[in-house]
Amino acid sequence: MDIASLRASHAHHWSLATAIRALAMDAVQAANSGHPGMPMGMADVATVLFQRHLKFDAAAPHWADRDRFILSAGHGSALLYALLHLTGYRQMTLEQVKNFRQLGAITAGHPEYGHAEGVETTTGPLGQGLATAVGFAMAEQSMQARFGAKLVDHRTWVISGDGCLMEGISQEAIGLAGMQRLSKLILLWDNNDITIDGRVSLSDRTDQRARFAASGWTVLHCDGHDPDDIDRALSAAKQANGPVLVDCKTIIGFGSPKKADSSGAHGSPLGAEEIAATKAIYGWPHGPFVIPAAIKAEWEAIGARGAADRAAWEARLAAAAPGKRAEFVRQMSGEPPRKLAAAIRAFKKDASAKAPKVATRKASEMVLAVVNPVMPETIGGSADLTGSNLTRTADLGVFTAENRKGRYVYFGIREHGMAAALNGMWLHGGVRPYGGTFLCFVDYARGAMRLSALMGLPVTYVMTHDSIGLGEDGPTHQPVEHLAICRATPNTHTFRPADVVETAEAWELALTSTRTPSVLALSRQNLPTLRTSHSAQNLTARGAYVLAEAAGKRQAIIMATGSEVEIALRARDILQAKAIGTRVVSMPCMELFAAQDAGYRRKVLPAGAVRVAVEAAARQPWDRWLLGERGRDGKAGFVGMEGFGASAPAERLYAEFGITAEAVAAKVQALL
Ligand SMILES: Cc1ncc(C[n+]2csc(CCOP(=O)(O)OP(=O)(O)O)c2C)c(N)n1
Numbered sequence: 009m010d011i012a013s014l015r016a017s018h019a020h021h022w023s024l025a026t027a028i029r030a031l032a033m034d035a036v037q038a039a040n041s042g043h044p045g046m047p048m049g050m051a052d053v054a055t056v057l058f059q060r061h062l063k064f065d066a067a068a069p070h071w072a073d074r075d076r077f078i079l080s081a082g083h084g085s086a087l088l089y090a091l092l093h094l095t096g097y098r099q100m101t102l103e104q105v106k107n108f109r110q111l112g113a114i115t116a117g118h119p120e121y122g123h124a125e126g127v128e129t130t131t132g133p134l135g136q137g138l139a140t141a142v143g144f145a146m147a148e149q150s151m152q153a154r155f156g157a158k159l160v161d162h163r164t165w166v167i168s169g170d171g172c173l174m175e176g177i178s179q180e181a182i183g184l185a186g187m188q189r190l191s192k193l194i195l196l197w198d199n200n201d202i203t204i205d206g207r208v209s210l211s212d213r214t215d216q217r218a219r220f221a222a223s224g225w226t227v228l229h230c231d232g233h234d235p236d237d238i239d240r241a242l243s244a245a246k247q248a249n250g251p252v253l254v255d256c257k258t259i260i261g262f263g264s265p266k267k268a269d270s271s272g273a274h275g276s277p278l279g280a281e282e283i284a285a286t287k288a289i290y291g292w293p294h295g296p297f298v299i300p301a302a303i304k305a306e307w308e309a310i311g312a313r314g315a316a317d318r319a320a321w322e323a324r325l326a327a328a329a330p331g332k333r334a335e336f337v338r339q340m341s342g343e344p345p346r347k348l349a350a351a352i353r354a355f356k357k358d359a360s361a362k363a364p365k366v367a368t369r370k371a372s373e374m375v376l377a378v379v380n381p382v383m384p385e386t387i388g389g390s391a392d393l394t395g396s397n398l399t400r401t402a403d404l405g406v407f408t409a410e411n412r413k414g415r416y417v418y419f420g421i422r423e424h425g426m427a428a429a430l431n432g433m434w435l436h437g438g439v440r441p442y443g444g445t446f447l448c449f450v451d452y453a454r455g456a457m458r459l460s461a462l463m464g465l466p467v468t469y470v471m472t473h474d475s476i477g478l479g480e481d482g483p484t485h486q487p488v489e490h491l492a493i494c495r496a497t498p499n500t501h502t503f504r505p506a507d508v509v510e511t512a513e514a515w516e517l518a519l520t521s522t523r524t525p526s527v528l529a530l531s532r533q534n535l536p537t538l539r540t541s542h543s544a545q546n547l548t549a550r551g552a553y554v555l556a557e558a559a560g561k562r563q564a565i566i567m568a569t570g571s572e573v574e575i576a577l578r579a580r581d582i583l584q585a586k587a588i589g590t591r592v593v594s595m596p597c598m599e600l601f602a603a604q605d606a607g608y609r610r611k612v613l614p615a616g617a618v619r620v621a622v623e624a625a626a627r628q629p630w631d632r633w634l635l636g637e638r639g640r641d642g643k644a645g646f647v648g649m650e651g652f653g654a655s656a657p658a659e660r661l662y663a664e665f666g667i668t669a670e671a672v673a674a675k676v677q678a679l680l
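Dropping the structure here:
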């Protein structure tokens with residue numbers, strides 16, 4: 009539909025949608041950077057969505073039963089900010105929109121979770137929003153199964169561009185959503201045929217509709233500028249069985265005489281002249297950031313449309329049985345149950361007494377077997393490595409279209425999609441998610457793992473097969489640099505527990521974390537229990553601690569994590585037999601150790617002694633502890649991996665790469 013006929017036939021809609029377009033153009037122009045084309049193209053779809061379909065109340069951005077709106081095409085952030093401002097979200101003042109992309113403003117370049125109410129998730133890396141939305145929709149279904157449709161019954165709406173659909177992660181998300189028949193997930197595709205380099209045909213010939221249909225989605229389409237047609241499609245989408253793609257045919261930079269339907273509208277300001285020309289075509293005579301009061305009032309009425317629904321929901325929550333209500337509120341808040349601490353403590357005590365020799369992946373399974381029964385909000389899963397990651401415990405049941413009470417997800421071979429879904433589950437609320445794969449495949453999950461950290465989401469990554477110790481699968485599967493990658497990521501706790509007790513402590517920290525994701529790096533190979541005397545205190549919480557003190561004068565400190573702590577202890581035996589006093593420090597979490605006060609760090613790593621670190625991985629993260637913190641280059645050494653691993657039994661590989669007690673002892677002696 010062209011602009012003249014739209015203005016003539018839908019004057020009211022036109023004025024609402026044009027307010028979005030004008031704000032987006034003005035904000036990008038003021039910032040002298042940003043993306044005006046997408047908001048201009050999707051303003052009509054967004055207007056119809058907010059006006060007639062989205063369940064929300066601008067006065068209550070945290071209302072648990074609101075529909076979630078996710079702008080996967082995060083570069084179109086001005087669209088979201090304009091909508092939040094117009095509908096009356098308290099924080100999104102006109103001042104904030106004017107300060108688009110400026111330091112300290114809540115209107116960041118791409119929408120950032122936690123900056124502004126109404127931003128449900130951080131988007132910008134294309135495809136993430138769509139994949140995260142799958143987690144939102146899964147969490148909604150899980151919560152509905154557990155608490156009933158009177159308390160939980162809402163949809164997840166997503167806007168994606170061509171870019172989101174070209175990203176590999178989209179296939180994982182689409183496959184997972186189709187398999188799970190997530191009926192309340194509706195994806196609005198901004199099908200404008202333009203990306204940064206030009207026409208989509210430069211780089212893609214995919215039949216997107218056929219692709220979605222092939223994965224079990226219902227596929228609808230509409231003229232993305234015709235409000236009646238959009239309304240028809242969105243109404244139909246709400247009736248569908250399974251997830252829905254609405255192919256919205258749009259024009260990027262709609263109305264801009266020089267830039268519409270071209271990549272020129274995508275990612276730079278239109279310029280004052282072009283804005284003036286566009287506003288003339290729009291019939292919008294107002295200056296920058298001017299929204300006529302009558303139009304603002306109409307938008308605010310849209311923002312208040314859900315108030316009655318929200319009040320009715322609050323009444324239903326208030327009328328729920330007290331126990332159910334308290335549990336709903338607790339789970340939505342993310343607070344762990346009181347029983348958790350006692351369950352972990354009892355587990356540790358028993359493990360220290362029985363001292364099993366098990367792989368830490370097995371220890372993790374044992375911990376989950378006591379955690380999952382006391383934490384009904386956990387949802388676990390694996391990217392097709394359930395029997396290797398040991399992430400499924402007996403009581404969970406399987407989350408499927410037929411059994412939404414199930415708490416175990418077969419994510420399929422979709423590491424990236426899984427990680428994004430974990431983010432979405434936590435963001436939705438009511439779920440404490442964890443997911444597993446091999447540590448090496450951090451690479452595949454990483455885009456979403458980075459967003460867990462950036463957003464501050466305490467999801468747990470169960471990453472097993474954490475070194476050459478996995479053996480025969482060889483170097484393609486043996487992580488070397490992955491611990492360094494995780495440790496280099498801000499706001500991420502990388503745990504590499506040495507035994508069953510440290511594994512329980514790491515899980516306790518992961519499950520009580522409020523804003524930091526955890527990576528549990530777990531062994532395939534069996535490891536002895538080293539912590540055989542019970543301590544109620546969580547020693548892993550300090551990041552590193554003295555596991556074995558030097559006998560006699562302390563001449564050396566050996567630091568290690570995970571499977572190499574056992575090697576460190578054997579090296580100590582060798583050295584002590586030669587009267588070389590040797591301390592062993594277990595360092596299951598470098599980030600937590602770094603966060604301890606200097607006094608504690610000095611106690612664990614005093615000056616003077618030779619320091620050797622041993623870890624079957626890259627040296628890089630160790631330099632702080634070897635050379636810094638009172639260490640010295642001439643008195644520090646590392647035993648670990650310098651290149652990739654190889655295919656062979658694990659013991660053979662440890663010998664081959666020189667990661668042995670003898671090598672550690674020799675390194676210490678050479679440095680003395
Ligand atoms: C993972 C990722 N790769 C690249 C980019 C850079 N980028 C931002 S928008 C864009 C093009 C997106 O095209 P489309 O989704 O069609 O958006 P439109 O041009 O319609 O606004 C690219 C490549 C990004 N944000 N994320």
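Be aware that the sequence shown starts at 9, since it is given in my numbering, and climbs by one per residue.
Positions of the beta carbon are idealized from the N, C-alpha and C atoms, including for glycine.
No experiment lies behind these values; they were computed from the predicted model shown.
Please report the Cβ distance between residue i and residue j, rounded to the nearest whole angstrom; I am assuming they are in contact, meaning their Cβ atoms lie under 8 angstroms.
i	j	result
valine 252	tryptophan 225	6 angstroms
alanine 427	alanine 456	3 angstroms
valine 382	proline 345	6 angstroms
isoleucine 182	glutamate 128	Contact flag wrong, Cβ pair sits at about 20 angstroms.
glycine 405	phenylalanine 144	With a Cβ gap of about 21 angstroms, glycine 405 and phenylalanine 144 do not count as contacting.
methionine 649	isoleucine 476	7 angstroms
Report the residue from the options whose alpha carbon sits nearest the alpha carbon of residue i.
i	options	result
tryptophan 307	Ala621, Ile575, Gln604 and Leu57	Leu57
alanine 32	Asp73, Glu423 and Leu94	Leu94
glutamate 281	Ala153, Asp215 and Ile289	Ile289
arginine 299	Val622, Ile28, Phe652 and Arg578	It is worth fixing the name first, because residue 299 is isoleucine in this sequence and not arginine. Checked all of Val622, Ile28, Phe652 and Arg578; the closest Cα to isoleucine 299 is Ile28.
lysine 246	Ala181, Met374 and His61	His61
leucine 462	Thr537, Pro133 and Lys356	Pro133
alanine 568	Thr668, Ala606, Gly636 and Thr484	Thr668
aspartate 507	Thr484, Thr540, Thr468 and His490	Thr540
lysine 370	Glu335, Val470, Ala145 and Val337	Val470
valine 366	Leu348, Ala391, Gly388 and Leu398	Leu398
glycine 171	Leu478, Glu670, Gly137 and Ala12	Gly137
alanine 90	His43, Lys413 and Ala244	His43
alanine 673	Gly639, Arg578, Ala558 and Ser571	Arg578
glycine 84	Val254, Arg632, Ser41 and Ser360	Ser41
isoleucine 202	Gly250, Ile260 and Ser150	Ile260
threonine 445	His436, His123, Gly616 and Val417	Val417
arginine 219	Glu385, Gly250, Arg454 and Ser178	Ser178
Run through the DSSP bridge pairs and tell me what residue i is partnered with.
i	result
alanine 529	Met471
serine 372	In the DSSP output, where bridge partners are listed per residue, serine 372 has none listed.
tyrosine 418	Ser390
tyrosine 442	Thr468
histidine 485	None; histidine 485 has no bridge partner.
cysteine 230	Cys256
serine 594	Tyr553 and Ala568
glycine 648	Glu623
tryptophan 197	Ser168 and Asp255
glycine 206	Thr203
histidine 501	Ser526
Take the Cβ of residue i as the centre, count every other Cβ of all protein chains shown within 10 Å, and call the residue buried at 16 or more, exposed below.
i	result
histidine 20	exposed
lysine 611	exposed
threonine 214	exposed
histidine 274	buried
serine 211	exposed
isoleucine 204	exposed
leucine 111	exposed
phenylalanine 64	buried
arginine 400	buried
serine 341	exposed
alanine 70	Rather than alanine, the amino acid found at residue 70 in this sequence is histidine. Flag for histidine 70 reads exposed.
arginine 495	buried
phenylalanine 652	exposed
threonine 522	exposed
threonine 484	exposed
alanine 326	exposed
arginine 98	exposed
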